[in-house]
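The numbering of the sequence shown is this note's numbering, which starts it at 568 and goes up by one.
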Amino acid sequence: MHTGHYTLPALPYAYDALEPYISTTIMTLHHTKHHQAYVTNLNAALAQAASTTDISRQIALQAQIRFHGGGHINHSLFWRNLAPAGAGAARPEAAPRLVEALGRRFGGGLEGFKARFGGVLLGLQGSGWGWLVVRGGEAEGGRLEIVTTRDQDPVAEGWQVVLGVDMWEHAYYLQYYNNKAAYVEGIWNIINWEECEKRFLGQSVVLSL
Ligand code: MN3
Numbered sequence: 568m569h570t571g572h573y574t575l576p577a578l579p580y581a582y583d584a585l586e587p588y589i590s591t592t593i594m595t596l597h598h599t600k601h602h603q604a605y606v607t608n609l610n611a612a613l614a615q616a617a618s619t620t621d622i623s624r625q626i627a628l629q630a631q632i633r634f635h636g637g638g639h640i641n642h643s644l645f646w647r648n649l650a651p652a653g654a655g656a657a658r659p660e661a662a663p664r665l666v667e668a669l670g671r672r673f674g675g676g677l678e679g680f681k682a683r684f685g686g687v688l689l690g691l692q693g694s695g696w697g698w699l700v701v702r703g704g705e706a707e708g709g710r711l712e713i714v715t716t717r718d719q720d721p722v723a724e725g726w727q728v729v730l731g732v733d734m735w736e737h738a739y740y741l742q743y744y745n746n747k748a749a750y751v752e753g754i755w756n757i758i759n760w761e762e763c764e765k766r767f768l769g770q771s772v773v774l775s776l
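Next comes the structure, spelled out in structure tokens:
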């Protein structure tokens, strides 16, 4: 097995740090098995694409690169979107500008946004992600939108991810089983609002992939 360009980023907290909202078992498997597999398969597909001029093979490899590359990007964003419950970063007060903007954009204050975003997450069919994204800096009005992507598709180019939530079953099933709503309700306790604020203000360099 060759070693490729991309590597699994370390989590910014321990595997048990998000208890009781995401179990140690889920975090360990999700990071060391699922995310690692996206990285491994991305590197393999890139290496194969670099060594063939067969167009059919290239097209097949592009699909692999999209899936596994998207998985690597999405999970790298997701881990940094989370923080231990009770940490300063996990308090909405750590994101004053964002929370104000969310109130303006979606109405009903932070609770209004949470209800709206949660509804979108629970409405997602099959495997995918829910995202809060922004286009343009504050000077351009910083247009906030809630979007979803299927499978491991990343958000469209030009949109900056503020917050992303993994809605694949592997993200919650071992702990919450079919109770997707409990997973979504729990995750609000471990959102890294400090990171969300930085991304909203364009100050985060989360992806040095
Ligand atoms: Mn996942």
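No residue lacks a Cβ here, since even glycine has one placed at the ideal position from N, Cα and C.
Treat the numbers as computed from the prediction; the structure is a model and nothing was measured.
Could you tell me the distance, in whole angstroms, from the CA atom of residue i to the CA atom of residue j?
i: residue 648; j: residue 754; result: 10 Å
i: residue 593; j: residue 738; result: 7 Å
i: residue 656; j: residue 626; result: 42 Å
i: residue 578; j: residue 609; result: 19 Å
i: residue 607; j: residue 631; result: 11 Å
i: residue 571; j: residue 639; result: 13 Å
i: residue 736; j: residue 720; result: 16 Å
i: residue 635; j: residue 605; result: 5 Å
i: residue 768; j: residue 672; result: 16 Å
i: residue 747; j: residue 621; result: 43 Å
i: residue 660; j: residue 717; result: 31 Å
i: residue 723; j: residue 637; result: 11 Å
i: residue 693; j: residue 596; result: 20 Å
i: residue 732; j: residue 619; result: 36 Å
i: residue 658; j: residue 612; result: 40 Å
i: residue 678; j: residue 614; result: 46 Å
i: residue 586; j: residue 744; result: 16 Å
i: residue 676; j: residue 740; result: 30 Å
Excluding five sequence neighbours on each side, which residues of the same chain lie with their C-beta closer than 6 Å to the C-beta of residue i?
i: residue 763; result: 662, 665, 729, 730
i: residue 582; result: 591, 594, 595
Is the separation between the beta-carbon of residue i and that of residue j shorter than 8 Å?
i: residue 770; j: residue 590; result: no
i: residue 758; j: residue 588; result: no
i: residue 812; j: residue 576; result: With the chain represented from 568 up to 776, any question about residue 812 goes unanswered, as that position is not in the structure.
i: residue 651; j: residue 749; result: no
i: residue 734; j: residue 695; result: yes
i: residue 674; j: residue 687; result: no
Can you list, in chain order, the residues of its chain whose CB lies under 7 Å from that of residue i, leaving out five sequence neighbours each side?
i: residue 725; result: 702
i: residue 712; result: 700
i: residue 681; result: 755
i: residue 751; result: 685, 688, 689
i: residue 765; result: 771
i: residue 573; result: 606, 609, 610, 639, 776
Would you mind working out which of the options sits nearest residue i, comparing C-alpha positions?
i: residue 646; options: 677, 612, 601; result: 601
i: residue 683; options: 740, 721, 709, 715; result: 715
i: residue 598; options: 611, 678, 641, 698; result: 641
i: residue 580; options: 618, 654, 633, 603; result: 654
i: residue 760; options: 582, 613, 669; result: 669
i: residue 709; options: 667, 633, 676; result: 667
In its own chain, which residues sit with a C-beta less than 8 Å from the C-beta of residue i, not counting the 5 before and 5 after it?
i: residue 629; result: 616
i: residue 691; result: 697, 715, 734
Below 6 Å from a heavy atom of the ligand MN3 - residues by beta-carbon
Listed along the chain, these residues meet the criterion: 597, 601, 642, 733, 735, 737, 738.
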